[in-house]
Amino acid sequence: MLYFDHCASTPPYDDVVQTMMEVMKSQYANPSSLHRAGTDADKLIERSRALLAERLQTKRGKWIFTSGGTESNNLAIKGAARQYAGRGKHLITTQIEHASVYESFAQLEQEGFRVTYLPVSESGHVRLEQVEEALTEETILVSVMHINNEIGSMQPIEAIGRLLKRYPKTLFHVDAVQSIGKQPILIEDWGIDLLSGSAHKLRGPKGVGFLYVSDGITLQPMLSGGSQEYGSRPGTQNVPGIVASAKALRMSLESMEQREKRMKLLKQKLIRLIGELPELKLNGGEPTASHIVHFSYPGMKPEVIIHMLEQHDIMASTKSACSSKDDKPSRVLLAIGASREQATGGVRISFGDEHEERDIDALGKALRAVVLQLKPLERRLT
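The following block contains the structure:
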């Protein structure tokens, strides 16, 4: 099997699986318990927290463990907006955010907040001037993802952070679920106040997320029932998952530079192969993540392509896995100016550590075969 769906989830490192099993067997006590077994479990959490701070170069602020990227985004956005609503009720985000961000803002609109959804270019990028023009005295939060989970466009996070340093009342949140462990991100140097990540996107276990919260920021918790995670996220922590996630982060960061070079070469090769098939249209543009390629077959349902690739033992996806069962046109593709046909027929290929040039060759061969099969059927399948 060739698995090209690393944006949706990644195969965990063998060492990560082993660590998780060992901790699950040996450290089963509740980390909030006062006895030695409980304090031993708590120490593992704090070591993992310290490892995140060290490896992601955060000397100030704190790291909160959650159940995943979706919860981290929800807690950052809703927790900050509700906590600081007294300062103002204007929020800024973009039209192409992940559903966990986009729908959080939609919910806040129902609560009386005013939200500006910034447009993006045909390549999928927000312009710095648009961010600045949208800022008002009432703006308390700006949320912009680092790497788009569908088309891979990379936003100018450093420049936005530099701009927002001139607006101390405005917090800056970054959804970095698709970038941590894949692209350098200097959280404190770039002026980021809140940053979300997810372990299973960097070869760690599912069910663990993390959220950076800068010094002096308080988040209104979404849950009640305990003082864990600095009071921001009540509930018994997932000790084995947290320890395994910290190891996955360390391993991903250690191989990041080498992986990035390989991914760029693989992406260039795949783009060349797709370019040989005029029926397929590439989506997005530079600057973009090296591990994501997104294309459309206008007029063709993407699930047909996905299942035909599956017959070649190739696993790919349509849009975000969180939204893949929604048959509406991609909100992201519509935002970059794609036609409704193109926005309905998107396919995402995302690479990982295990892929080599021969895998891209196999994928290219399979795509060619799929196109040859589907071309005569275009009208009947739309």
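The numbering used here puts the sequence shown at residues 7 to 388. Every residue gets a Cβ at the ideal spot worked out from N, C-alpha and C, and that includes glycine. Quick caveat: nothing in here was measured; it's all calculated off a predicted structure.
Nearest-angstrom Cα separation, counted from I163 out to Y123: 16 Å
Buried/exposed call for L5, threshold 16 Cβ in 10 Å: With the chain covering only 7 through 388, there is no way to say anything about residue 5.
Inter-residue Cα distance where the pair is L259 and L192: 13 Å
Bridge partners - G376, DSSP secondary structure assignment: Reading off the sequence, residue 376 comes out as Val, not Gly. V376 pairs with nothing; no bridge assigned.
Which of helix, strand or coil DSSP assigns to M257: helix
Touching by the beta-carbon criterion (3+ pairs, under 8 Å), the stretch 111-123 and the stretch 92-99: yes
DSSP state of H104 mapped onto helix, strand, coil: coil
Assigned exposure category for E363 - 16 Cβ within 10 Å defines buried: exposed
Pair within 8 Å by beta-carbon distance, I83 and L134: no
N- and C-terminal bounds of the beta strand (DSSP E) containing V148: 145-149
L288 to S302 span [Cα, whole Å]: 6 Å
S54 burial status per 10 Å Cβ neighbour count (16 or more: buried): buried
Own chain, CB closer than 7 Å to G213, minus 5 neighbours either side, in chain order: S73, G74, N244, G247
Closest residue to F357 among K275, D195, R168, D221 (Cα-Cα distance): K275
Simplified DSSP state of S220, which is helix, strand or coil: coil
Residue of Q113, S127, S202 minimising C-alpha distance to A341: S127
Assigned secondary structure, H152 (DSSP; H/G/I helix, E/B strand, else coil): coil
L8 - partner residues in DSSP beta bridges: I320
Closest by C-alpha distance to Q348, when choosing among A295, H300, I366, K381: H300
Coarse secondary structure for Y123, derived from DSSP in three states: strand
Chain-order list of residues whose beta-carbon lies under 7 Å from that of S330 (same chain, five-residue window excluded): For S330, the predicted model reports a pLDDT of 49, less than 50, meaning its position is unreliable; a value from the coordinates is still stated below. Only S323, T324 meet the Cβ criterion.
Span separating the alpha-carbon of Y218 from that of L200: 5 Å
I198 versus A375: straight-line alpha-carbon distance, rounded: 46 Å
Proximity of V353 and I312 at Cβ, strictly below 8 Å: yes
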